[in-house]
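Here's the structure we're looking at; comments come further down.
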Amino acid sequence: MAFKVSTLFVLVISALILEANSHSAETKSLGNEIDDLLHKLREAVDKAVVKAQSALDEATTKVNQTAQKVEDAAVQQMQSTEQKLTEELDKLKQKAKDAGVNIDECLGADEQRLISLPNVYSDDLVHCVEDQITSAIKYAQDGLNQIKTVVDDIENIKQEVKDCGHGLKAVKCLAKLAAKIEKDITTLPAKIEADAVATAALITQLVPNIEKCASDKTSALENEGEEILKKIGVCVATKIVT
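In mature numbering (1 follows the signal peptide of the UniProt record, and there is no 0), the protein residues as written are -22 to -1, 1 to 220.
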């Protein structure tokens, strides 16, 4: 009887050892599989990150180039408007001089405002454009931060592998992780690309805003300048008549 119990004990222990060895071998095999999958995941994600960075750089560059082009054209237009306003003011002064009347009362603060208008609206234009560029940079940075969170997820997987532990529990845990990583090889790069495309779209949508900055400020300069000239002109006409 004692022999039978001893034999049964040995068989149980042997079975447990075999099972443990089996789990150990399976854990090792899954560990190697996960290492290979993680390597593929890193390669896929790295490739997607490079592509995303390129898309964001391209969009930001487009905004900067547009900003410079639009700003230069607007400044030229403002200079042309300034010249036209100055010529019109000089004509009013000459008309008053020919008529022998003093128009200091007509000029005053209005003349000073007219003279300062080009600089005022030029500065406004620069600030308006800079705001759009700042927004573009923020969108790009936010996009990169979003991509970073995806990259960080890969590092988190390493910790999850360690947390799986040993034995049968580890086998099930590692198998589940392997399936997740295999799926991530496709989904994570796709998410990075989608985030980059969405962010690039936000950045390029700023281009019309920059163009509006220019059109608004150049129009405002011309409109206000003409209003001031009209006011001065009416005053000068009154002086000459009287």
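C-beta atoms are modelled at their ideal positions from N, C-alpha and C, and glycine is treated no differently.
- Using a Cβ distance threshold of 8 Å, Ala37 and Ile181 count as a contacting pair.
- One thing to note: Leu16 has its Cβ within 8 Å of the Cβ of Ile159.
- Close CB contacts of Ser100 within its chain, under the 7 Å cut and outside five residues either way in sequence, are with Val53 and Met56 (chain order).
- Note on Asp162: 16 or more other CB atoms within 10 angstroms of its CB, so buried under the neighbour-count rule.
- By the C-beta density criterion, Asp173 is buried, having at least 16 other C-beta atoms within 10 angstroms.
- Taking 8 Å as the cut-off, the beta carbon of Cys84 is found no closer than this to the beta carbon of Lys195.
- Each of Ser58, Thr112, Leu207 and Thr44 was checked against the Cα of Gln90, and the nearest Cα belongs to Leu207.
- Rounded to the nearest angstrom, the Cβ distance from Ile188 to Gln110 is 5 Å, consistent with a contact under 8 Å.
- With respect to Val48, Ala192 sits close: the two C-beta atoms are nearer than 8 Å.
- Looking at the backbone, the Cα of Gly203 and that of Ile81 are separated by about 18 Å.
- Sequence-distant partners of Leu63 (beyond 5 residues in either direction) whose C-beta falls short of 7 Å from its own C-beta, in its chain, are Leu92, Gly203 and Leu207.
- Shown here for Ala77: same chain residues with a beta carbon closer than 6 Å to its own, the five before and five after excluded, namely Ile218 in chain order.
- Assigned with DSSP and collapsed to three states, His144 falls in coil, not helix or strand.
- Per DSSP, reduced to three states, the secondary structure at Ile81 is coil, with no helix or strand assignment.
- Closest by C-alpha distance to Pro186, out of Ala45, Asp14 and Ile132, is Ala45.
- Between Gly121 and Thr177, the C-beta gap is smaller than 8 Å, which places the two residues in contact.
- A straight line joining the alpha-carbon of Lys190 with that of Ala30 spans about 28 Å.
- Under the 10 Å beta carbon count, Ala118 is surrounded by 16 or more other beta carbons and is classified as buried.
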